[in-house]
Structure formats: structure tokens, C-alpha cells
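> Quick one: the structure is below, and I'll ask about it shortly.
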Amino acid sequence: MTYVINMICGIAKATSAGNTTYATDGMKSPAPVLPGRDSVSPDLGEVRRRESEAAMAVLGVPRDNLCFFGLPEAKLSRHYEDLRRRMLEHLERIQPDHVLVPFRFDRHLDHLAVNQAATVEFLQGRLRGRLAEYFVYHRWRLLPRRDIRRYLRPDQLLQVDLAGVSALKRAALDCFQTQTTQYYPWQTRPILTPQLLDEECRGAEYFLRYDRAYPGSRVFTAAASWIRIAHRLEPKLQKWKYVLNTAFQRATGGGH
């Protein structure tokens, strides 16, 4: 379920003044590993919506501050104009001071569509709040420094200290049982492992300020060409690694 606009400065720093918008219907995560053999329940989208509501309640965000567009997950680029229209209408209604969207080099195609739509509205002057980007996938195995944030201009990064609220953040993330457990019997591991959750809740959160002077890859201080290649290559390699590992585990009795 793609988060479109998050007017919360750090998920664990949420207040009742923040608004969170979800772009898609949540029907593609978990996604079947082996199509034709694995399947998801028809109510997955509704389950994930309830998870989001529960997580935001943990953070103190009321239900009235949540908005669900319900566009098809994993197909957001095909509904780009609808996304832009709904986003603009929503922004005009709530008039936010700060808008947070996924990072411009995110791995998920839906996240990229959200970033592009918000950036276009910002550059054309229809998004009047300050624009910043948050990181869903910051670990990149194909980069020598392993973390995409280490290649960004330091003066454009905002660090949010989560000291004192890390337990609250973990409690909110634990609401997403479809993502933090082996929700379906055919899964060989959770999408978000306990180790990953522990790491994410211990560290600070970082946000990238959007600056017109540093569009696209100009925000990188090094390896911009390789980052563009890795951005396309690494998600495909990770997907095939997961598929092959799953097939192997099932063939050897290690999975369902």
C-alpha cells in the first residue's frame, strides 16, 4: 500500500496535526512468489487498510486524517493522471505546510509514480508546502557504501532523532502483520524481518529536502551514473534471488 503524502516529520513523531495518504489498494503485498501456485486472499487490501488505521492510531493520528485513494497497486503508473488529480485535490483541501513523498530513486515503481506526481505539482507551483523525500529502501548492495543516503548532499539531508519514541515506532510497525509475519503459508519469510525492524527502530530517520537546484541525480555527490544503473538492476536481481531461494526451499522441503 503506497504512502502518497505524509505530513508527519518522522513516523514515530506523528501528531494529530499530521495527515497520511495511501495511493493504492494494497492488494499486491505480499505478492505470490510463484504465480499459479501461490495466491492471496480477496480481502488483503481491506486487511492492510485496517493495519494502517491501527498503526496510525498508535501514533496518535486520528482516522479522519487518513485518506485512501484505492488505486491498483503495482499499476500506479497506468493511473498516473488519476493519481495527480486526486493528489492535487487532496492537497488543496488540507493545505499542508510540509509534504513527504518517497525518494526519487525508490525501488518500488508505485513509489516513483508518487514522487513524480508530487514533484511536478511542486515545480508548477500547485503544491505550496515544503517538499521532502523519505527513504523506504536505503540499503543498496550494489553500491560500495551500501547506503544510498551516503551519496547525497549532506546539506540537503534532515536527520530526525527518534530517541525516546523508538518503542512507539516499533509498536506501530508491528500493526502491519501482513508485512511483519509469514502471513500466508507459501511465504518462506516475512517481508519485514524482525532483524530489519530492530535496525530501523534503533536509528534516526532521514529526509531529503527537495531543492530545485538539485533535481534528479544532481543531488548525488558521487557515482551518479552507477547509481542510475544499480537502481534499475538491483531490484530485478533481488526478485530473482528470492524466487530461486523460495523454489529451492520448497524443492528440498524447507518451505511450503
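Each residue of the sequence shown is one higher than the one before, counting from 8 in the working numbering. Note that the Cβ used here is the ideal one computed from N, Cα and C, for glycine as well.
1) According to DSSP, is Gln194 part of a helix, a strand, or is it coil?
2) From Gln245 to Asp45, what distance separates their C-alpha atoms?
3) For Leu116, which residues of its own chain have a beta-carbon under 8 angstroms away from its beta-carbon, when the five flanking residues on both sides are left out?
4) May I ask you to report which of helix, strand or coil DSSP gives Gln166?
5) If you follow the beta strand (DSSP E) that Thr27 is in, where does it begin and where does it stop?
6) Using a 10 Å radius around the Cβ and a threshold of 16 neighbouring Cβ atoms, would you call Asn13 buried or exposed?
7) Any chance the region 105-114 sits against the region 190-209, with 3 or more Cβ pairs inside 8 angstroms?
8) How far does the beta strand (DSSP E) with Arg137 in it reach, from first residue to last?
9) From which residue to which residue does the beta strand (DSSP E) around Tyr213 run?
10) Measure the Cβ-Cβ separation of Ala30 and Ala179 and say whether it is below 8 angstroms.
11) Using a beta-carbon distance below 8 angstroms, is Leu95 in contact with chain C?
12) Can you give the Cα-Cα distance for Leu251 and Gln202, rounded to whole angstroms?
13) From the DSSP output, in three-state form, read off Arg209 for me.
14) Applying the 10 Å Cβ sphere with the 16-neighbour rule, what's the burial state of Leu169?
15) Look at the alpha carbon of Tyr190 and the alpha carbon of Glu58, and state the distance between them as a whole number of angstroms.
16) Does the count of Cβ pairs from the region 136-144 and the region 214-222 closer than 8 angstroms reach three?
17) Assuming Pro242 is part of the alpha helix (DSSP H), what are its boundary residues?
In terms of the structure at hand:
1) Note: Gln194 maps to coil in three-state DSSP.
2) Rounded to whole angstroms, the separation of the alpha carbons of Asp45 and Gln245 is 19 angstroms.
3) Correct list, in chain order: Ala81, Leu83, Ser84.
4) In this structure, Gln166 counts as strand in the three-state DSSP scheme.
5) 27-31 is the span of the beta strand (DSSP E), which, as asked, contains Thr27.
6) Reliability of the predicted coordinates at Asn13 is poor, the pLDDT of 46 falling under 50, and the value obtained from them is presented with this limitation in mind. It counts as buried.
7) No contact exists between the region 105-114 and the region 190-209.
8) Unbroken beta strand (DSSP E) run through Arg137: 137-141.
9) 212-216 is the extent of the beta strand (DSSP E) around Tyr213.
10) Ala30 is not a Cβ neighbour of Ala179, given a cutoff of 8 angstroms.
11) Here there is only one protein chain, and chain C is not present.
12) Answer to the nearest angstrom: the Cα atoms are 22 angstroms apart.
13) Helix, per DSSP.
14) In this structure Leu169 is buried. Its beta-carbon is surrounded by 16 or more other beta-carbon atoms within 10 angstroms.
15) Computed Cα separation, rounded: 13 angstroms.
16) Yes, they touch.
17) Segment 231-258, the alpha helix (DSSP H) holding Pro242.
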